[in-house]
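Below is one structure; the comments refer to it alone.
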Amino acid sequence: MSETIVVSVAVEQSVYQIDKPYDYLVPENLKESLKVGCRVLVPFGKGNVRKTGIVLAFSDFEPNNKLKSIIELLDTEPILSNKMLQLASFIREQTFCTWYNAIRVLIPPGINYKVR
Numbered sequence: 489m490s491e492t493i494v495v496s497v498a499v500e501q502s503v504y505q506i507d508k509p510y511d512y513l514v515p516e517n518l519k520e521s522l523k524v525g526c527r528v529l530v531p532f533g534k535g536n537v538r539k540t541g542i543v544l545a546f547s548d549f550e551p552n553n554k555l556k557s558i559i560e561l562l563d564t565e566p567i568l569s570n571k572m573l574q575l576a577s578f579i580r581e582q583t584f585c586t587w588y589n590a591i592r593v594l595i596p597p598g599i600n601y602k603v604r
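Each position in the sequence shown, counted from 1, maps to that position plus 488 in the working numbering.
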């Protein structure tokens with residue numbers, strides 16, 4: 489039986505009242521490639537709306553059957569280093585913004601654009 493891995497993810501467009509890192513299961517096909525600082529696509533809320541998130545940490549949370557799985561890995565390499573994530577935490581504490589808003593100011597411009 490394979491080891492279950494759980495990560496903490498900062499999810500985009502969450503309101504300040506429910507803003508926190510959310511735990512997600514890492515699917516078997518992403519266990520080798522997922523790293524802290526990578527963007528992921530996750531199901532969020534009761535409607536399982538697909539939202540972008542940033543992996544903040546590998547969690548020591550005990551997995552349960554209520555946890556949802558990451559849908560897709562959006563980056564092959566982390567776009568944010570550990571120091572940048574620490575800076576995002578500082579920004580969040582000092583400005584009372586959401587996790588993802590603090591992270592968004594550190595993400596390189598144009599990273600969400602796709603060439604058609």
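Heads up, the beta-carbon is just placed ideally off N, CA and C, and yes, glycines get one too.
Beta strand (DSSP E) segment containing Lys-571, residue limits: Counted as a single uninterrupted DSSP element, the stretch harbouring Lys-571 is not any beta strand (DSSP E) but the alpha helix (DSSP H) occupying residues 570 to 583.
Measuring alpha carbon to alpha carbon, tell me which of Cys-526, Glu-491, Ile-506, Val-503 ends up nearest Ile-595. Of the candidates Cys-526, Glu-491, Ile-506, Val-503, the residue whose Cα lies closest to the Cα of Ile-595 is Cys-526.
Using CA atoms only, rank isn't needed, just tell me which of Arg-592, Phe-578, Ile-506 is closest to Leu-568. Arg-592
Backbone secondary structure at Glu-560 - three-state DSSP: strand
So, are the CB atoms of Lys-539 and Gln-505 less than 8 Å apart? no
Once DSSP output is grouped into helix, strand and coil, what is the label at Ile-567? coil
To the nearest angstrom, how far is it from the Cα of Val-524 to the Cα of Ile-542? Cα to Cα, the separation comes out at about 8 Å.
From this set, Glu-491, Leu-544, Val-530, Pro-531, which residue's C-alpha is nearest Ala-576's C-alpha? Ranking the options by Cα distance to Ala-576, first place goes to Leu-544.
What residue from Glu-520, Gly-533, Leu-518 has the CA that sits closest to Val-499's CA? Nearest option by C-alpha distance: Gly-533.
6 Å Cβ shell around Cys-531 - same chain, five flanking residues per side excluded: The sequence given here has Pro at residue 531, not Cys. Excluding positions up to five away in sequence, the list reads Lys-556.
Would you call Val-503 buried or exposed, if buried means 16 or more other Cβ atoms sit within 10 Å of its Cβ? exposed
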